[in-house]
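A short write-up of the structure that comes next.
Protein chains: 2
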Amino acid sequence: MTTIRDVAARAGVSVATVSRVLNGSGYVGKDTEIRVKKAIQELNYRPNTVARSLANRKTGTIAVILPDIMNPFFSELARAVEDTARDGGFTVIFCNSDDLGTREQHYIEVLRQKYIDGIIFASNSMGEDDIVYMNENRIPIVVLDRAPGKSGCTVIRSQNAAGAVMAVRHLMETGCRKIAHIAGPGELITAQERLRGYRKAVKGFTWFDESLIVPGHFSIRGGERAVSGLLERHPDVDGIFAGNDLMAIGALKALQRMGRKIPRDISLCGFDGVEMSEWTEPELTTIAQPIYEMGRKAATHLIARIRGKAVKEDILELDVRLVERNSTRRRKN
Amino acid sequence: MTTIRDVAARAGVSVATVSRVLNGSGYVGKDTEIRVKKAIQELNYRPNTVARSLANRKTGTIAVILPDIMNPFFSELARAVEDTARDGGFTVIFCNSDDLGTREQHYIEVLRQKYIDGIIFASNSMGEDDIVYMNENRIPIVVLDRAPGKSGCTVIRSQNAAGAVMAVRHLMETGCRKIAHIAGPGELITAQERLRGYRKAVKGFTWFDESLIVPGHFSIRGGERAVSGLLERHPDVDGIFAGNDLMAIGALKALQRMGRKIPRDISLCGFDGVEMSEWTEPELTTIAQPIYEMGRKAATHLIARIRGKAVKEDILELDVRLVERNSTRRRKN
DNA sequence: GTGAAAGCGCTAACAC
DNA sequence: GTGTTAGCGCTTTCAC
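Going down the list, the sequences are from chains A and B. For the first sequence, the residue numbers in our numbering are 52 to 384. For the second sequence, the residue numbers in our numbering are 52 to 384.
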C-alpha cells in the first residue's frame, strides 16, 4: 500500500505539496507539480478515500432508502440515482426498508455513523421527526412523495391527484360508464392523493358509489385480489383505474382469467408508467410519472446541497402524462 | 458531535478503556464497564465508523457490480445481497455497469480506494485479470456465472446446460415437434451454456436445423425481434426455448400480436424464473434458477471471506428446476 | 485492569 | 511556492 508519504519522498517534496497537487488546491510550482505527478504515476499511487473522509468529513457516498429494490418503480428510481451520482463522483448505498419503521431507523443510524454525505428517502413511512433528526445532524436529504412539508428539505413529488383525474376522464372519454378505483394503502400519501383525484373526477355522477373504491396493496397480488370482489358487487363495471401499474397488471391478469376481454369488456388504466407496463398484452394505458427524471432530480438536488450550493428548500412537483395504449379503448375522433 | 474522548472524560477513564468496552476486547473491570456504558448512554454517543475504518482497515461495506439494477434478475439478486449483508452488519453499494468494461474498471478502482471490504461481481464482462487484481489487493470477491476458473475466488453458478436440456425435453414431452432457441449474447457464458444444452437436447433429430437458433439480447426487445424472422423461416415451429425470461416475454408478446395462441399454436419456455414470469398471461413456463438463494450465498461467502474464515475456493453450482405453467401444454399422463 | 501514546493516511492552517 | 505540524476519531501495543 503506497501512501502520500511515499509519493512525497520519491518526488522529494513534502506531503502537503503532494496533497496540493492531488486536490488542485493552493499554489504549486509547475515543475514540482510535474515531479509529483510523475511519482504518483510511477508508484501507481491512489489516495486512500477513508483517510480523506476522516480529514474532511466527506465520504463521497450517498444513500437511497426505498421500500424494495425489486419493485420496478424503485429499481428505475435507483438506477437514475446511481447514474447521476456516478457522474458527480459519488457512490451509492441502497437500503430496502420494506416500509418498516424500525428498519428505517436502523439505516438512518448506520448511515449517520458512516458519515454518509446525504440521503434520498423514497421510503414512505419516513416520519417528520426523522427529517428533523437529519437536519440536526446536518445531513442533507431529499424526500420523495411527501406532502409539501414545513421541514427544511427538498421534496420531489408528482401530480398524483391531477393524474388520477386524467385517468378517470380518459376512461370516460373512451366510453366507460362506471369506473372503479383500486386504491393503494391508505398510509401512503401517493395513494391518498390518487384516491382524491378519483373522487374529484367521479363526483356528481349518479353511477358513483363508495363501494366502487376497493383497497389494494400496490402489488400485483393486490390488484388480483381486488378485482374479484369488485366484480361481484358491480358486474357492470366497465372501467378500472388502478392506483399503480403493479395493481393494474394484477387486475389485468385476474380479469383475463375470468374471461373478460380488455379493453372490450373493461378498460384498465394504471399509474406510474413503469417499463413493465409495456410488457403486458394488451399494453397498459397508464398515467406515467417521470420516474427516471425524479431520481435524477433527487440526486442532483442532493448533491447540490452536499456541495453547499444554496438550494431553495423547495417542492419540485413534476408533471405526469397520459400514455394511451391498448388496455383502454381508442378515443373516437 | 460527541467523540470517544468525551465519553472517556465523562466516565473518568481513558479512551483506550472506552474503546475496549465498545469492542468487547481486552479486560475491563465490571464496574468501569458500567460507568462507561452509562456515559455512552447519557451522551448518546455513536462511534465514528470512518475513523474506525481508518484504524482497522475494515469499512463494513461491500459492493455489488451488476449490469443493470432494472433487470429483474439483478434486482432480485441485489435484494438478496442486501438482506444478507444487513444481517451481517454490512452496508451495500451498488454499481450499474451496463456490461461496459470501462465502467467496471472505474468501479473497481473507486471501490478499492474506498477500502470496500469485498465485492460481488455479477457483471459478465468482468475479466480474469480483474480477479487477479483484486487478489493482489487482497479484496475478497465472489463472482457469479463464470466458468469454473483457476483464479482464487468463489464462483456461484447454476446448471445452465442441464437446465436447457430440461427445457427442450419438456417441450418435446408436451408435444412439440420443432423447437427453436432464442439465444442470449454470445459473449455471456450463461448464454453459451444454455445454447450448448439446447444443442445437446436437439442433437440427432431430423427436424433440427442451425437456423432454428436465433440471436437475441437477454431483453424484452431481443425476444420480440427474434420471433418474426424465425417464423418467416420456420412457419411450422411449435416450440420455443428462450435463453432467459425477458426474451420469452418479448417473444410471447410478439407471437400474441401475430395472432398465435400460446400454448395452443406454439409453446414457450423461458429461463431464470424471475418473479415477472408469473405476471404474463399465460404465465410463463420457465427453468427457474434460485436467484435469491444465489444472492444470499454470494453474500454469505463473501462475508465469510472478509471475516477471514477459511473458505475453500470453490465453485457453488446450484440446481435449476422446471416450473411448469401455462405457456407450455400440459403433459399427457 | 487501565492508561499513554503511536499510528491509520490525509487535509489544512500556519510559518518561512 | 513549499514544508511543518496539528488534527480527523478510533484502535492497539506496551507499560505500569
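Note that beta-carbon positions come from the ideal geometry of N, C-alpha and C, so glycine has one too. This one's a predicted model, so the numbers in the text were calculated from it and none came from an experiment.
Top-ranked residue by Cα proximity to residue i, from the options
| i | options | result |
| --- | --- | --- |
| R189 (chain A) | A:A198, A:L162 and A:G214 | A:L162 |
| L73 (chain A) | A:V64, A:K88 and A:A62 | A:K88 |
| G301 (chain A) | B:R245, B:E326 and B:I317 | B:E326 |
| M309 (chain A) | A:S279, A:V58, A:H221 and A:V79 | A:S279 |
| Q156 (chain A) | A:N175, A:G139 and A:F141 | A:N175 |
| F172 (chain B) | B:A361, B:G152 and B:K165 | B:G152 |
| T22 (chain A) | A:L303, A:N186 and A:H232 | Lying before the first or after the last residue shown, residue 22 (chain A) is absent from chain A, which here runs from 52 to 384. |
| V44 (chain B) | B:L128, B:P341 and B:R137 | Because chain B here runs from 52 to 384, residue 44 (chain B) falls outside it and cannot be looked at. |
| L94 (chain B) | B:M52, B:M345, B:G324 and B:R220 | B:M52 |
| K311 (chain B) | B:W330, B:V64, B:V288 and B:G324 | This sequence places Arg at residue 311 (chain B); Lys is not what is there. Cα-wise, what sits closest to R311 (chain B) is B:V288. |
| R112 (chain B) | B:K165, B:A60, B:L282 and B:Q307 | Here the sequence assigns Thr to residue 112 (chain B), which means Arg is not the residue at that position. Of the candidates B:K165, B:A60, B:L282 and B:Q307, the one whose C-alpha sits nearest the C-alpha of T112 (chain B) is B:K165. |
| R284 (chain A) | A:I207, A:D260 and A:Y96 | A:D260 |
| F256 (chain B) | B:D180, B:M223 and B:E238 | B:M223 |
| A234 (chain A) | A:Q307, A:G273 and A:R108 | A:G273 |
| Q92 (chain B) | B:A59, B:F141, B:D150 and B:P314 | B:A59 |
| F47 (chain B) | B:S70, B:A136 and B:P236 | Nothing can be reported for residue 47 (chain B), as the shown portion of chain B is limited to 52 through 384. |
| Y158 (chain B) | A:D180, A:E133 and A:D150 | A:E133 |
| D149 (chain B) | B:F125, B:A90 and B:I338 | B:F125 |
| I192 (chain A) | A:R356, A:I366, A:R382 and A:K360 | A:R356 |
| E275 (chain A) | B:W330, B:S262 and B:L303 | B:W330 |
| Y362 (chain A) | A:D181, A:A218 and A:K348 | Correcting the residue type first, residue 362 (chain A) is Val in the shown sequence and not Tyr. Measuring from the Cα of V362 (chain A), the nearest candidate turns out to be A:K348. |
| R61 (chain B) | B:A90, B:G203 and B:A339 | B:A90 |
| A339 (chain A) | A:A136, A:D365 and A:A218 | A:A218 |
| D180 (chain B) | B:G203, B:L282 and B:G169 | B:G203 |
Cα-Cα separation between residue i and residue j, rounded to whole angstroms
| i | j | result |
| --- | --- | --- |
| R228 (chain A) | G290 (chain A) | 7 Å |
| L353 (chain B) | L195 (chain A) | 33 Å |
| G178 (chain A) | R130 (chain A) | 25 Å |
| N147 (chain B) | T100 (chain A) | 21 Å |
| A293 (chain A) | P266 (chain A) | 10 Å |
| I264 (chain B) | M298 (chain B) | 14 Å |
| E368 (chain B) | D296 (chain B) | 20 Å |
| A106 (chain B) | L105 (chain A) | 11 Å |
| P98 (chain B) | T68 (chain B) | 14 Å |
| I116 (chain B) | F145 (chain B) | 6 Å |
| M121 (chain A) | I85 (chain B) | 44 Å |
| A198 (chain A) | K254 (chain A) | 24 Å |
| I55 (chain B) | I240 (chain B) | 51 Å |
| R154 (chain A) | P118 (chain A) | 10 Å |
| T225 (chain B) | A231 (chain B) | 15 Å |
| M345 (chain B) | V143 (chain B) | 16 Å |
| G139 (chain A) | A305 (chain A) | 44 Å |
| V66 (chain A) | T83 (chain A) | 12 Å |
| A350 (chain A) | S328 (chain A) | 25 Å |
| G80 (chain A) | Y96 (chain A) | 21 Å |
| P314 (chain B) | T135 (chain B) | 39 Å |
| A114 (chain A) | Q307 (chain A) | 40 Å |
| D316 (chain B) | I182 (chain B) | 47 Å |
| A102 (chain B) | D57 (chain B) | 15 Å |
| D168 (chain A) | L128 (chain A) | 19 Å |
| D365 (chain A) | R208 (chain A) | 11 Å |
| R220 (chain A) | V374 (chain A) | 13 Å |
| I170 (chain A) | E160 (chain A) | 12 Å |
Delimiting residues of the alpha helix (DSSP H) encompassing residue i
| i | result |
| --- | --- |
| R276 (chain A) | I271 to R284 |
| I120 (chain A) | That residue, I120 (chain A), is in no alpha helix (DSSP H); it is neither H nor E in DSSP. |
| V69 (chain B) | V66 to N74 |
| V253 (chain B) | I240 to V253 |
Residue i - containing beta strand (DSSP E), residue span
| i | result |
| --- | --- |
| V16 (chain A) | For residue 16 (chain A) there is no data in the structure shown, the boundaries of chain A being 52 and 384. |
| H268 (chain B) | Taken as a continuous stretch (DSSP letters only), H268 (chain B) belongs to no beta strand (DSSP E), as it is neither H nor E. |
Residue i beta carbon near the ligand ZN (any heavy atom closer than 6 Å)
| i | result |
| --- | --- |
| I233 (chain A) | Here there are no bound small molecules, and the ligand ZN is not part of this structure. |
* To do: Tell me the start and end of each unbroken beta strand (DSSP E) in the segment 92-118 of chain A that is at least 3 residues and wholly inside, in chain order.
  => 112-117
* Scan the segment 288-372 of chain A and note each continuous beta strand (DSSP E) run of 3 residues or more that stays entirely inside, going in chain order. => Taking only runs of at least 3 residues, the beta strand (DSSP E) segments lying wholly in the segment 288-372 of chain A are 290-293, 318-323, 336-339 and 366-369.
* Asked: Where in the segment 134-211 of chain B do unbroken runs of the alpha helix (DSSP H), each at least 4 residues long, occur, reported from the N-terminal end onward?
  -> 152-164 and 179-187
* Cβ contact check for the segment 240-251 of chain B and the segment 209-222 of chain B: 3 or more pairs under 8 Å -> yes
* Asked: Does the segment 59-77 of chain B touch the segment 249-257 of chain A, meaning 3 or more C-beta pairs lie closer than 8 Å?
  -> no
* Kindly confirm or deny that the segment 318-336 of chain A and the segment 369-381 of chain A touch, where touching means at least three C-beta pairs closer than 8 Å. => yes
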